[in-house]
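Below: one structure, written as structure tokens.
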Amino acid sequence: DSGVTQTPKHLITATGQRVTLRCSPRSGDLSVYWYQQSLDQGLQFLIQYYNGEERAKGNILERFSAQQFPDLHSELNLSSLELGDSALYFCASSVGGTIFYEQFFGPGTRLTVL
Amino acid sequence: GESVGLHLPTLSVQEGDNSIINCAYSNSASDYFIWYKQESGKGPQFIIDIRSNMDKRQGQRVTVLLNKTVKHLSLQIAATQPGDSAVYFCAETRGPDKLIFGTGTRLQVFP
Numbered sequence: 006d007s008g009v010t011q012t013p014k015h016l017i018t019a020t021g022q023r024v025t026l027r028c029s030p031r032s033g034d035l036s037v038y039w040y041q042q043s044l045d046q047g048l049q050f051l052i053q054y055y056n057g058e059e060r061a062k063g064n065i066l067e068r069f070s071a072q073q074f075p076d077l078h079s080e081l082n083l084s085s086l087e088l089g090d091s092a093l094y095f096c097a098s099s100v101g102g103t104i105f106y107e108q109f110f111g112p113g114t115r116l117t118v119l
Numbered sequence: 033g034e035s036v037g038l039h040l041p042t043l044s045v046q047e048g049d050n051s052i053i054n055c056a057y058s059n060s061a062s063d064y065f066i067w068y069k070q071e072s073g074k075g076p077q078f079i080i081d082i083r084s085n086m087d088k089r090q091g092q093r094v095t096v097l098l099n100k101t102v103k104h105l106s107l108q109i110a111a112t113q114p115g116d117s118a119v120y121f122c123a124e125t126r127g128p129d130k131l132i133f134g135t136g137t138r139l140q141v142f143p
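Chains as they are written, first to last, in this note's numbering: chain A, 6 to 119; chain B, 33 to 143.
Okay, here's the thing in structure tokens:
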């Protein structure tokens, strides 16, 4: 158990809908990273927050957004969902603000868009 | 999208043998590399890392080798065990904020 929790574990929804994925980092960790893992693209970095502020952006679509709250949990919002958004979404947390600090991954949320 | 490539998508080894998983990276400016292990139904787990000023780093039963000349990274697992069965990813840094992951190699350990 990494200490990172993600909810829900599974999510099934329809195209055009909007969903919110939630991540609680390990106690004491200030950074939260979001990743998408799909069969054709592998593991892709989406976005990072550090202590409430956006720190880095990766291959995140404009339809996707995220935020980190004062209690350091984070939410990833996916809107206008398309079939191609079906994937595993992982969050990871680390104590520091750069990738040189070990990241601890949560168990993931499996999103299925029908 | 950007990716770090792997030579072998699936590696089958006998329990007790040594395993070698390879990875080619594209950015000669990358200065930090990480190996992750992902078991079925779980998120990736850090195994070992190495900075570009090193050629070799050892952990418990694992060794990472870095050859900057040919931009090649390898993960060696000694005395492979059934619990080592998983998908292994290498990751390469792009600046201080971004990790680029390889496509993964599945390691299967048979008795």
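For glycine and all other residues, C-beta sits at the position ideal for the given N, C-alpha and C.
I want to verify the contact list: residues of chain A whose CB lies under 8 Å from the CB of B/Gly91, in sequence order.
Result: empty, since nearest Cβ-Cβ is about 13 Å, beyond 8 Å.
Would you call the segment 64–78 of chain B and the segment 99–113 of chain A in contact, with 3 or more CB pairs under 8 Å?
yes
Looking at chain A, is there any beta carbon in it that lies within less than 8 Å of the beta carbon of B/Gly136?
yes
To the nearest angstrom, how far is it from the Cα of A/Gln49 to the Cα of B/Asp49?
32 Å
Run through chain B and tell me which residues come within less than 9 Å of A/Gln53, C-beta to C-beta.
Simply Asp129 and Lys130.
Helix, strand or coil at A/Leu88 [DSSP, three-state]
helix
Can you list the residues of chain E that A/Ser7 reaches, using a CB-CB cut of under 9 Å?
Reference to chain E is not applicable here, since the protein chains of this structure are A and B.
Measure the alpha-carbon distance for B/Lys130 versus A/Ala61 and round it to whole angstroms.
7 Å
Could you confirm whether any beta carbon from chain B is found closer than 8 Å to the beta carbon of A/Pro112?
yes
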